[in-house]
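Trainee: So the protein lines, in turn, are chains A and Z.
Be aware that the first sequence starts at 2, since it is given in my numbering, and climbs by one per residue.
Be aware that the second sequence starts at 503, since it is given in my numbering, and climbs by one per residue.
Structure below; questions to follow.
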Amino acid sequence: MLEIKDLNVRYGGIHAVRGIDMSVPQGSIITLIGANGAGKSSTLRAICNLVKKSGTISFMGEDISRLPTREIVKRGVSMVPEGRRVFADLTIYENLVLGAYTRKDESGIKNDIEWVYSLFPRLKEREKQLAGTLSGGEQQMLAVGRALMSRPKLLMMDEPSLGLAPLLVRDVFKIIQKIHEEGVTILLIEQNARMALKVADYAYVLETGAIALSGSGQELLQNQEVTRAYLGGV
Amino acid sequence: MTFELFLQHLINGISLGSLYALIAIGYTMVYGIVRLINFAHGDIIMLAAYFVFFGVGLFHMPWWLSALLSIVLTALVGMGIEKAAYKPLRDAPRISILISAIGVSFFLENFGIVVFGGRPQAFYSPKVFQGVIKLGNVSIINLGIIIPVITIILLMGLVYIVNNTRTGMAMRACSKDIDTAKLMGIDVDRIISFTFGLGSALAAVGGIMWGLKYPQLHPLIGIMPGLKCFIAAVVGGIGNIPGAMLGGFILGIGEILLVAFLPGLSGYRDAFAFIILILILLFRPTGILGEKVAEKV
Numbered sequence: 002m003l004e005i006k007d008l009n010v011r012y013g014g015i016h017a018v019r020g021i022d023m024s025v026p027q028g029s030i031i032t033l034i035g036a037n038g039a040g041k042s043s044t045l046r047a048i049c050n051l052v053k054k055s056g057t058i059s060f061m062g063e064d065i066s067r068l069p070t071r072e073i074v075k076r077g078v079s080m081v082p083e084g085r086r087v088f089a090d091l092t093i094y095e096n097l098v099l100g101a102y103t104r105k106d107e108s109g110i111k112n113d114i115e116w117v118y119s120l121f122p123r124l125k126e127r128e129k130q131l132a133g134t135l136s137g138g139e140q141q142m143l144a145v146g147r148a149l150m151s152r153p154k155l156l157m158m159d160e161p162s163l164g165l166a167p168l169l170v171r172d173v174f175k176i177i178q179k180i181h182e183e184g185v186t187i188l189l190i191e192q193n194a195r196m197a198l199k200v201a202d203y204a205y206v207l208e209t210g211a212i213a214l215s216g217s218g219q220e221l222l223q224n225q226e227v228t229r230a231y232l233g234g235v
Numbered sequence: 503m504t505f506e507l508f509l510q511h512l513i514n515g516i517s518l519g520s521l522y523a524l525i526a527i528g529y530t531m532v533y534g535i536v537r538l539i540n541f542a543h544g545d546i547i548m549l550a551a552y553f554v555f556f557g558v559g560l561f562h563m564p565w566w567l568s569a570l571l572s573i574v575l576t577a578l579v580g581m582g583i584e585k586a587a588y589k590p591l592r593d594a595p596r597i598s599i600l601i602s603a604i605g606v607s608f609f610l611e612n613f614g615i616v617v618f619g620g621r622p623q624a625f626y627s628p629k630v631f632q633g634v635i636k637l638g639n640v641s642i643i644n645l646g647i648i649i650p651v652i653t654i655i656l657l658m659g660l661v662y663i664v665n666n667t668r669t670g671m672a673m674r675a676c677s678k679d680i681d682t683a684k685l686m687g688i689d690v691d692r693i694i695s696f697t698f699g700l701g702s703a704l705a706a707v708g709g710i711m712w713g714l715k716y717p718q719l720h721p722l723i724g725i726m727p728g729l730k731c732f733i734a735a736v737v738g739g740i741g742n743i744p745g746a747m748l749g750g751f752i753l754g755i756g757e758i759l760l761v762a763f764l765p766g767l768s769g770y771r772d773a774f775a776f777i778i779l780i781l782i783l784l785f786r787p788t789g790i791l792g793e794k795v796a797e798k799v
C-alpha cells in the first residue's frame, strides 16, 4: 500500500533520514522503533510532506512524494502527530469536524463523529469543552479520533503512548488493534518497543537515520540485539 | 463639563474607536496566523480612500458603488501583497518578512505620492452622512451614529465567520499550529490569503469611513492610524480578535476624552496611544486579553 524508496531528509547540515526503504502492505500493522533522534518522526513527516525530502513515496500505486499535505490526506493517509497536538482552543467537537476537513459528505461526517464517540465515550461527554481542558490520555484519544475523521486507509501514529500512565498505554494499544480490525492499515512509531512489537506484523529498527534491522514483530522480540538496546532486558 | 457635553465626547470617542477597531483586526488576524506585523496595513487604508476618491471623481460612479468596489479592490491588493512580498519569505527568518512588510509600506506611501500626487485632496462626502440628529441637548452628526453601527454589524459578521464557519475554524486551527492544520487537509495558503483579504476589506471600510470623518486625503494619511491600530491590537493582546476590538475602542475613546477633559494636552493627542503602549508593554506585555504565554501540555 505504501512504498518508500531511498528516502532522505536533511535539516540544514543534519542528515536525519539516510536512504530508507520500507513498505507497508495493506491491512498490516507496521512499526518503526528506535532511539530518540533515530529519524522515526522525520520519516512520518516526510511521508506527509511536512518536511523537505528526497526519494520516492508511493501510496496505492500512485507517487505522492510531490503532493501537498492536503492531497495526501485526501488520498487516505492520516497522521496522529507526536505530542497529540490537539487544537487546545477549539472544542472537542470542532477538533473532530476539522479532522474531516477534506470531506464534503455532511451526513457521513455526522455518522463518523458518532462512531468516534462510540470508540471513545469520554469524548462525547465532553463534546462542548475546549480540547485544552482534557487530560493527556483524553487528548490522545481525541488526536486519534480526529485522525480517523478523514476516513483514512493508512493511519500513522507518532508515539501515541508518550507520556501516558501504564494503564492508559494498554488502552491505547487496545484502540490501535480495534482500529486495525476496522480495516485500517497502521504505521506506528513507538518508544514502548515491547508493546509495539507485540501488535506489529512487521517492524523496522532505525538507527541514526538508517534501517539497522527489520523482521516480524515476533522475530525482533526474540532478537538479542533488540532486546538489549530497546527492551531494556537481559 | 455638563453631562450632555460628556455624552457628546463619548459618542465621538466611540466612533473613532470603531475605526481603530476595524483596522486593528487586520493586524491581529494576520499576526495570529503568520506571526507577522503587517506594517503595510496602515497604507491599505489610504489606498481604500483613494479608490473611492477616484471612483467618484474620475469615473463618475455613484458613491456607494465606488465604496463597494474599493472594498473589493483593497481586499485584492491585500491578498496580492501577501502573495508577492510575504509568501516567498514564509520559511525565512521572522525578521526578513518584517523588513519586507516595512518595505511594502514605504513602497505604497511613495507610490501614492508619485501616482496620486502629494497635494491633499478633498474626500467627497455624501449629504446623508452630514445631517445632524438632536437628542435633547446632544447633537450628533449622522456619521457619528453610522460609523459605530456599521462597525458593530461588521464585527458581528466577523465573529460569526471565525466561530461558526468551516473557514473560520480552519483560521483558528492555523493560528495555533500550522503543521497540524496541514495534517487536517487544510489548504493553509488559501486560509492565509483569505485572512489577508478579510483584514484588508475591514481596513478598507475603516479607511473609507476615516475619509468621511476627516475628509482630507493625502498619501501619508494611513501612517498614524496604522500605528495607532497596531497599538490597539497590542493593547488588546495581539492575535486575539476581541482584544483588537477592545483595544481599538479603548484607544479611540481615551484619545477623545483626553482632549475633552484636558484641552491643554490636546497637542499630545497622538502621544496618548504611545503612552498606553509603553504602559501595556511594561505591565502586561501580552495585552489585556492576550494569551497566557505557556499553555502547552
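All C-beta atoms, glycine included, are put in the ideal place defined by N, C-alpha and C.
This one's a predicted model, so the numbers in the text were calculated from it and none came from an experiment.
1. Roughly how many angstroms lie between the CA atoms of residue 445 of chain Z and residue 535 of chain Z, to the nearest whole one?
2. Pick helix, strand or coil for residue 644 of chain Z, following the three-state DSSP scheme.
3. Which partner residues does residue 205 of chain A have in the DSSP bridge list?
4. Shorter than 7 Å from the beta carbon of residue 759 of chain Z to some beta carbon of chain A?
5. To which residues of the same chain is residue 772 of chain Z closer than 7 Å at the C-beta, ignoring the five residues directly before and after it?
6. Establish whether the CB of residue 673 of chain Z and some CB of chain A are separated by less than 7 Å.
7. Pick helix, strand or coil for residue 248 of chain A, following the three-state DSSP scheme.
8. Within the 7 Å Cβ cut-off, does residue 688 of chain Z reach chain A?
9. Is the CB of residue 679 of chain Z under 7 Å away from at least one CB in chain A?
10. Would you decide whether residue 12 of chain A is buried or exposed? Buried here means 16 or more other CB atoms lie within 10 Å of its CB.
11. Could you check where the alpha helix (DSSP H) with residue 517 of chain Z kicks off and where it finishes?
12. To the nearest angstrom, report how far apart residue 537 of chain Z and residue 5 of chain A are at their CA atoms.
13. Taking all protein chains shown into account, decide if residue 54 of chain A is buried (16 or more other Cβ within 10 angstroms of its Cβ) or exposed.
14. Note down, in chain order, every chain Z residue with its Cβ under 7 Å from the Cβ of residue 186 of chain A.
15. What would DSSP say about residue 679 of chain Z, mapped onto helix, strand or coil?
16. Hey, quick one: how far does the beta strand (DSSP E) through residue 767 of chain Z stretch, first residue to last?
17. So the alpha helix (DSSP H) residue 142 of chain A belongs to, where does it begin and stop?
18. Output, in chain order, the set of chain A residues within a Cβ distance shorter than 8 Å of residue 589 of chain Z.
19. Hey, residue 200 of chain A and residue 30 of chain A are a contact pair by Cβ (cut 8 Å); roughly how many whole angstroms apart?
20. Does the Cβ-Cβ distance between residue 541 of chain Z and residue 572 of chain Z come in under 7 Å?
21. Residue 629 of chain Z versus chain A: which residues are under 7 Å apart at the beta carbon?
22. Give the residues from the stretch 129–153 of chain A that approach chain Z closer than 7 Å (Cβ to any Cβ), ordered along the chain.
23. Can you name the start and end residues of the alpha helix (DSSP H) that residue 1 of chain A belongs to?
24. Strictly under 7 Å for the Cβ-Cβ distance: is residue 682 of chain Z near chain A by that measure?
25. Does the stretch 14–29 of chain A touch the stretch 172–190 of chain A, meaning 3 or more C-beta pairs lie closer than 8 Å?
26. Given a cut-off of 7 Å on the beta-carbon distance, is the pair residue 740 of chain Z and residue 779 of chain Z in contact?
27. When the cut-off is 7 Å and only beta carbons count, does residue 19 of chain A lie next to chain Z?
28. Please report how far the alpha carbon of residue 520 of chain Z lies from the alpha carbon of residue 546 of chain Z, in whole angstroms.
29. Could you pull out every residue in the same chain whose Cβ sits closer than 7 Å to the Cβ of residue 717 of chain Z, ignoring the five residues on either side in sequence?
30. Could you check whether the Cβ of residue 102 of chain A sits closer than 7 Å to any Cβ belonging to chain Z?
31. For chain A, find out if any of its Cβ atoms is closer than 7 Å to the Cβ of residue 685 of chain Z; answer yes or no.
32. Would residue 70 of chain A count as contacting chain Z if we go by Cβ distances under 7 Å?
33. Between the beta-carbon of residue 150 of chain A and the beta-carbon of residue 100 of chain A, is there less than 7 Å?
34. If you measure from the beta carbon of residue 2 of chain A to each beta carbon in chain Z, is any gap under 7 Å?
35. Is it the case that the Cβ atoms of residue 87 of chain A and residue 143 of chain A are separated by a distance below 7 Å?
36. Sort Z/687, Z/703 and Z/702 by Cα distance to residue 68 of chain A and report the nearest one.
Mentor: So, to answer that:
1. Given that chain Z is displayed from residue 503 to residue 799, the structure contains no residue 445 of chain Z and the question cannot be resolved.
2. helix
3. A/33 and A/215
4. no
5. 726
6. no
7. One cannot answer for residue 248 of chain A here, as it falls past the ends of chain A, which runs 2 to 235.
8. yes
9. yes
10. exposed
11. 505–536
12. 35 Å
13. buried
14. In chain order: nothing, as chain Z lies at least about 17 Å away.
15. coil
16. Here residue 767 of chain Z belongs to no beta strand (DSSP E), and DSSP marks it neither H nor E.
17. 137–149
18. By Cβ distance, chain A contributes nothing, its closest Cβ being about 14 Å from residue 589 of chain Z, past 8 Å.
19. 6 Å
20. no
21. Residues of chain A passing the Cβ test: none, with the nearest at roughly 46 Å.
22. 133, 137, 140 and 151
23. The requested residue 1 of chain A does not occur in the structure, where chain A is confined to residues 2 to 235.
24. yes
25. yes
26. no
27. no
28. 17 Å
29. 624, 625 and 627
30. yes
31. yes
32. yes
33. yes
34. no
35. yes
36. Z/687
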